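Data block below; observations after.
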Amino acid sequence: MDTRRRGVTDGGDIADVAERLRREPQPRDFDRAPDPVRDYKASMTPAQRTHAIREVLHALVDRIGPPTLYGGSAYGPTIRWRTDEQILLLDHGIACLQVSVRHTAELERTESVRFGRGVGDAEDQVSFFSSLPYLWQLYRDGPGTLPRDFPATSAAPDWHRLEESVESILWAWSEQLPAQVGDEESAAFNIVNHKDGDRPLSVGYSPEGVFLVVDDRDAPEGEDHRAMMERRGWQVAVHGWWEATFPEPGWESAAAAARMAVAEVRSRGALTPRDLGAADISCADRGLLMLPGLGISH
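Mapping the sequence shown onto UniProt numbering, position 195 (from 1) lands on 195, and the numbers just tick up by one.
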């Protein structure tokens, strides 16, 4: 889709559309298709997609203020200006960023049903976490109201889909976080291995790239252990904590980090994703970060 054919590409035009939908929505607006506002295609580079999100979001914030909830799915942003009555939604279509207004109760009820069914092989479930309505949300004291309840999280049914879950979140953050909350922001969570004394393995994104950090302070000293950790992909040991960084932008880095994280917890005794927990979920220690798309119970 070339959004220029719809005449909505200029920042002022984008803001006009969003402001009208937010402040003076008509009954028909709640049921009609979203308004495309900017090209956002799989063929674009990660940097181009990040720029597209940033450009549109800045235009909207300048006009109507910051959103209630930042966030995103595996394929693009899901940013919300929320009240108890309506949600102005900036999200993504097949090939564009788009804005729409929806009744809050109806939209959140539909999403809650999809999250509640979980990820798996049943007929009413989605097969992968990347098919959920969104993977992450961030509240930073923006205007509007928060939902009374957030979607429940459930453990991935198998290791393959846990890996896909972690990969999807890291990829989403690497493309969406700089555009939404700034180039210097980071986000992370700890995978807690209940089969290994609740050892934490930190998984996250920073301006330097996707990263992993594991607590290895109780390991035996010596070259044999160091060589083993390096074979697993760990790069640097700092005071007993091993680190690995994946600086290249793109899905490949997210996928490599996810594979390594899952391999590490399995090598340390976890038998199923249900042996894991999640803790210390944070975006630069500011606001409330939620990960309904993480396939770990928390």
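Here a beta-carbon is modelled for each residue, glycine too, at the ideal position from N, C-alpha and C. Owing to the predicted nature of the structure, the values given are computational and were not obtained by experimental measurement.
- Rounded to the nearest angstrom, the gap between the Cα atoms of residue 260 and residue 246 is 11 Å.
- Comparing C-alpha distances from residue 142 to each of 207, 79, 243, 45 shows the shortest one belongs to 79.
- For the options 289, 183, 294, 157, the alpha carbon positioned closest to that of residue 69 is the one of 289.
- For residue 270, the CB contacts under 8 Å within the same chain, skipping 5 residues up- and downstream, are 193, 194, 195, 196, 276 in chain order.
- Residues 119, 128, 129, 295 of the same chain have their beta carbon placed closer than 7 Å to that of residue 161, with the five preceding and five following residues left out of the count.
- Within the stretch 204-232, the runs of beta strand (DSSP E) that reach at least 3 residues and sit entirely inside it are, in chain order, 209-215.
- Selection 149, 174, 65 evaluated against residue 72 yields 174 as nearest (Cα-Cα).
- In this structure residue 94 is exposed. Its beta-carbon is surrounded by fewer than 16 other beta-carbon atoms within 10 angstroms.
- Inter-residue distance for residue 75 and residue 286 is about 24 Å (C-alpha atoms, whole angstroms).
- In the three-state reduction of the DSSP assignment, residue 297 falls in the coil class, being assigned neither a helical nor a strand state.
- In the structure shown, residue 73 adopts coil according to DSSP, grouped into three states.
- In this structure, the CA atom of residue 205 is about 16 Å from the CA atom of residue 293.
- For residue 36, the uninterrupted beta strand (DSSP E) segment begins and ends at 35-39.
- Per DSSP, reduced to three states, the secondary structure at residue 90 is strand.
- Sorting 53, 27, 107, 31 by C-alpha distance to the C-alpha of residue 37 places 53 at the top.
- The three-state secondary structure of residue 234, taken from DSSP, is coil.
- Per DSSP, the continuous alpha helix (DSSP H) segment holding residue 54 begins and ends at 46-64.
- Across the structure, residue 153 and residue 115 are spaced so that their CA atoms are roughly 8 Å apart.
- Residue pairing by DSSP puts residue 202 in a beta bridge opposite 190, 213.
- Using a Cβ distance threshold of 7 Å, residue 242 and residue 265 do not count as a contacting pair.
- In this structure the stretch 223-240 does not touch the stretch 178-192; the number of beta carbon pairs closer than 8 Å is below three.
- For residue 180, the enclosing alpha helix (DSSP H) has its first and last residue at 159-181.
- Excluding sequence positions up to five before and after residue 176, its CB lies within less than 6 Å of the CB of 72, 77, all in the same chain and listed in chain order.
- The stretch 77-147 contains, as complete alpha helix (DSSP H) runs of 4+ residues, the segments 104-117 (chain order).
- In the three-state reduction of the DSSP assignment, residue 291 falls in the coil class.
- Residue 145 counts as exposed, since fewer than 16 other beta carbons sit within 10 angstroms of its beta carbon.
- The Cβ neighbour count for residue 33, taken over all protein chains shown within 10 Å, is under 16; the residue is labelled exposed.
- Burial check for residue 239: the Cβ neighbour count within 10 Å stays below 16, so the residue is exposed.
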